[in-house]
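Residue numbers (the working numbering): 2 to 325. Here a beta-carbon is modelled for each residue, glycine too, at the ideal position from N, C-alpha and C. Only a predicted model underlies this, so the values are computations on that prediction, with no experimental measurement involved.
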């Protein structure tokens, strides 16, 4: 249950008199512009105000299995919609494109991040402390003077988690269910699947797992690890589990809780649409060179790839689920 944080370099924030305690998303453009102009006046042309900002517009939408489709959960019944016609998404994308054109977002700012030559870094993490730790690791030339800030609009429900399913056609459904139940309820087993063997694949340092990058990897952690049970890794805060419980207790339940989409009828369309998204990966977050033209191109291309059929199938399954 990760949240989106902006981790600020406190030295620059103080230099430009940014009050991070009162900072809102509405203030963000002015802050980025102030730092960009100030560093430019110094001749610091490699400066990156921020290298990425989330294009999702807020908690009224949830992700689907297709990047071009989101569930509008603002009403009584969730509705799958094509985001290329959803004004909150379009407004957000236009804004990010404008900021990139004006130098407030530098999408290729990786070197600047490594050198500590930035104002803010976008990080998805379990807690502010963990986000700051991740930024410090990514930017080894920064000091430990970092501060993570969460913005409400950037912290909607961006997905309902990765799940491991059991095929209805499986010859061993009951045994598979028993195995999954053990994985998700036994901390020792979950840790072994995620991290491997203590002393061989990882060491515990200050309560966090430090492991060889060649050892058991992120896919195992994503698909088999129960984050409420597994040890925090080196990118997590030591109190990760407590933070997760607090987040789970305060976050309202999704309108789609208990529903899962069966993609079998539209699997081909979904794959083609997601391939198309990858081909236009910069469009949503400010990287388009001609945003309006690319929007029209994508509307036509996704229609040809069957997006309307996918939306229709998602909404039909939601209706069937609601009518039970």
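Taking only runs of the alpha helix (DSSP H) that begin and end inside the stretch 33-109, which ones reach a length of at least 4 residues, in chain order?
-> Runs of the alpha helix (DSSP H) inside the stretch 33-109: 88-102.
Per-residue DSSP class, three states only, for residue 5 | The residue given as residue 5 occupies position 4 in the chain shown. If DSSP states are grouped into helix, strand and coil, residue 5 belongs with the strands.
Whether residue 270 touches residue 310 by CB criterion (7 angstroms) | Position 269 of the chain shown, counted from the start, is the residue given in the question as residue 270. Position 309 of the chain shown, counted from the start, is the residue given in the question as residue 310. In this structure, residue 310 lies closer than 7 angstroms to residue 270 by Cβ.
Cα-Cα separation between residue 239 and residue 205, rounded to whole angstroms = As a working note, residue 239 is residue 238 in the chain shown. As a working note, residue 205 is residue 204 in the chain shown. Cα to Cα, the separation comes out at about 11 angstroms.
Length of the line joining the Cα atoms of residue 195 and residue 235 | Counted from its first residue, the chain shown places residue 195 at position 194. Counted from its first residue, the chain shown places residue 235 at position 234. Going by the C-alpha atoms only, they are around 13 angstroms apart.
Where do the N-terminal and C-terminal ends of the beta strand (DSSP E) with residue 123 fall, by residue?
-> Locating residue 123 in the chain shown gives position 122, where the first residue counts as 1. Element bounds for residue 123: 121-126.
Per DSSP, residue 151 forms a beta bridge with which residues?
-> The residue labelled residue 151 in the question sits at position 150 within the chain shown. Bridge pairing for residue 151: 6 [DSSP].
Less than 7 angstroms separating the beta-carbons of residue 110 and residue 37?
-> Translated into positions along the chain shown, residue 110 becomes position 109. Translated into positions along the chain shown, residue 37 becomes position 36. No.
Range covered by the beta strand (DSSP E) that runs through residue 204 = Translated into the one-based positions of the chain shown, residue 204 becomes position 203. Where residue 204 is concerned, the enclosing beta strand (DSSP E) starts and stops at 203-206.
Residue(s) in a DSSP beta bridge with residue 199 | For the purposes of this step, residue 199 is identified with residue 198 of the chain shown, where counting begins at 1. DSSP lists 203 as partners of residue 199.
Can you tell me whether DSSP reads residue 20 as helix, strand or coil?
-> Residue 20 sits at position 19 when you count from the first residue of the chain shown. Looking at residue 20 - three-state DSSP - the assignment turns out to be coil, as it is neither helix nor strand.
Below 7 angstroms CB to CB, which residues in the same chain sit around residue 75 once its five sequence neighbours on both sides are set aside?
-> To locate residue 75, count along the chain shown from 1; it is residue 74. Cβ within range, chain order: 61.
Tell me residue 209's beta-bridge partners as DSSP assigns them.
-> In the chain shown, the residue the question calls residue 209 occupies position 208. Note: residue 209 is bridge-paired with 206 in the DSSP secondary-structure output.
Rounded straight-line distance, which links the Cα of residue 35 to that of residue 48 | For this step, residue 48 is matched to residue 47 along the chain shown. For this step, residue 35 is matched to residue 34 along the chain shown. If I take the Cα positions, the gap works out to 12 angstroms.
How should residue 231 be labelled, buried or exposed, when 16 other C-beta atoms within 10 angstroms of its C-beta is the threshold for buried?
-> What you label residue 231 is simply residue 230 of the chain shown in a count that begins at 1. Residue 231 is buried by the Cβ-count criterion.
Using the C-alpha atoms, what's the distance from residue 179 back to residue 171?
-> Residue mapping note: residue 171 aligns to position 170 of the chain shown, counting from 1. Residue mapping note: residue 179 aligns to position 178 of the chain shown, counting from 1. Going from the Cα of residue 171 to the Cα of residue 179 covers about 14 angstroms.
Please name the residue, chosen from 19, 43 and 33, that lies closest to residue 100 on a Cα-to-Cα basis.
-> As a first step, residue 100 must be located in the chain shown, where it is residue number 99. That would be 33, whose Cα lies nearest to the Cα of residue 100.
Measure the beta-carbon distance from residue 274 to residue 306 and round it to whole angstroms, keeping in mind my assumption that it falls under 8 angstroms.
-> In the chain shown, the residue the question calls residue 274 occupies position 273. In the chain shown, the residue the question calls residue 306 occupies position 305. That pair is a contact at about 5 angstroms.
Note down the Cα distance separating residue 260 from residue 18, rounded to an integer number of angstroms.
-> The sequence position of residue 260 within the chain shown is 259, counting from 1. The sequence position of residue 18 within the chain shown is 17, counting from 1. C-alpha separation (whole angstroms): 47 angstroms.
So the alpha helix (DSSP H) residue 322 belongs to, where does it begin and stop?
-> Here residue 322 corresponds to residue number 321 of the chain shown, with the count starting at 1. Counting along the chain, residue 322 sits inside the alpha helix (DSSP H) bounded by residues 308-324.
Three-state secondary structure assigned by DSSP to residue 263 | Translated into positions along the chain shown, residue 263 becomes position 262. It is coil, neither helix nor strand.
Have a look at 133, 69, 132 and 177 and flag the residue whose alpha-carbon is nearest the alpha-carbon of residue 302.
-> Here the question's residue 302 lines up with position 301 in the chain shown. In terms of Cα proximity to residue 302, the closest of 133, 69, 132 and 177 is 69.
Give the straight-line distance between the Cα atoms of residue 29 and residue 169, rounded to the nearest whole angstrom.
-> Translated into positions along the chain shown, residue 29 becomes position 28. Translated into positions along the chain shown, residue 169 becomes position 168. Residue 29 and residue 169: Cα-Cα distance of roughly 48 angstroms.
To the nearest whole angstrom, what separates the beta carbons of residue 287 and residue 136, a pair I think is in contact under 8 angstroms?
-> In the chain shown, the residue the question calls residue 287 occupies position 286. In the chain shown, the residue the question calls residue 136 occupies position 135. Residue 287 to residue 136, Cβ: 20 angstroms. No contact.
Cut-off 7 angstroms between Cβ atoms - residues of its own chain near residue 264, not counting five sequence neighbours on either side | Here residue 264 refers to the residue found at position 263 of the chain shown. Within the same chain, residue 264 has close Cβ partners 66 and 271.
Determine, using beta carbons only, whether residue 120 and residue 43 come nearer to each other than 7 angstroms.
-> For the purposes of this step, residue 120 is taken as residue 119 along the chain shown, with counting starting at 1. For the purposes of this step, residue 43 is taken as residue 42 along the chain shown, with counting starting at 1. With respect to residue 43, residue 120 sits apart: the two C-beta atoms are not nearer than 7 angstroms.
Determine the extent of the alpha helix (DSSP H) in which residue 177 is found, giving its start and end residues.
-> Counting from one through the chain shown, the residue named residue 177 turns up at place 176. Residue 177 -> alpha helix (DSSP H) spans 174-186.
Counting contacts by CB-CB distance shorter than 7 angstroms, is residue 247 in contact with chain D?
-> The displayed structure is made up of one protein chain only, and chain D is not part of it.
Thinking C-beta only, is residue 257 closer than 7 angstroms to residue 79?
-> For the purposes of this step, residue 79 is taken as the residue at position 78 of the chain shown. For the purposes of this step, residue 257 is taken as the residue at position 256 of the chain shown. At a Cβ-Cβ threshold of 7 angstroms, residue 79 and residue 257 count as neighbours.
Residue 234 - partner residues in DSSP beta bridges = Position 233 of the chain shown, counted from the first residue, corresponds to residue 234. The partner list for residue 234 (beta bridge, DSSP) reads 210.
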